[in-house]
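In the UniProt record's numbering, the protein residues as written are 1 to 113.
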């Protein structure tokens, strides 16, 4: 009986797991959505001002995590919380894909340089 249930539930688990894989962001859509971010973080995520983090080259997963943390209140910032609040999951994925695809800081001690 248990074996039969596992056999019947296996496709459900596959669909649930694949949903997170299919939820990858679109960098082109992220570029369009990043217009509001550009004032502080720069048009490509390389902020010209030291008080604003550089987003270019960051891991997409980190950026999605950070935006979600602003939405749920795990991170607090009077500017970022209202900016992140209306973002959908797809918006966060798209923005993260765009910034992750941009050339970020290069460190002088980086191997292969």
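Note that beta-carbon positions come from the ideal geometry of N, C-alpha and C, so glycine has one too.
Alpha carbon to alpha carbon, how far is residue i from residue j?
i	j	result
residue 52	residue 37	11 Å
residue 103	residue 71	27 Å
residue 92	residue 65	9 Å
residue 30	residue 48	20 Å
residue 69	residue 78	13 Å
residue 39	residue 95	15 Å
residue 75	residue 87	15 Å
residue 26	residue 67	16 Å
residue 99	residue 41	10 Å
residue 43	residue 83	16 Å
What first and last residue would you give for the alpha helix (DSSP H) that runs through residue i?
i	result
residue 31	27–33
residue 37	Taken as a continuous stretch (DSSP letters only), residue 37 belongs to no alpha helix (DSSP H), as it is neither H nor E.
residue 82	80–84
residue 101	89–101
residue 71	60–72
Taking its Cβ as the centre, do 16 or more other Cβ atoms sit within 10 Å of residue i, making it buried, or is it exposed?
i	result
residue 97	buried
residue 73	exposed
residue 62	exposed
residue 21	The pLDDT assigned to residue 21 is 47, lower than 50, so where the model puts this residue is not dependable; a value taken from the coordinates is nonetheless given after this. Exposed, since its Cβ has fewer than 16 Cβ neighbours within 10 Å.
residue 85	exposed
residue 60	buried
residue 24	exposed
residue 28	exposed
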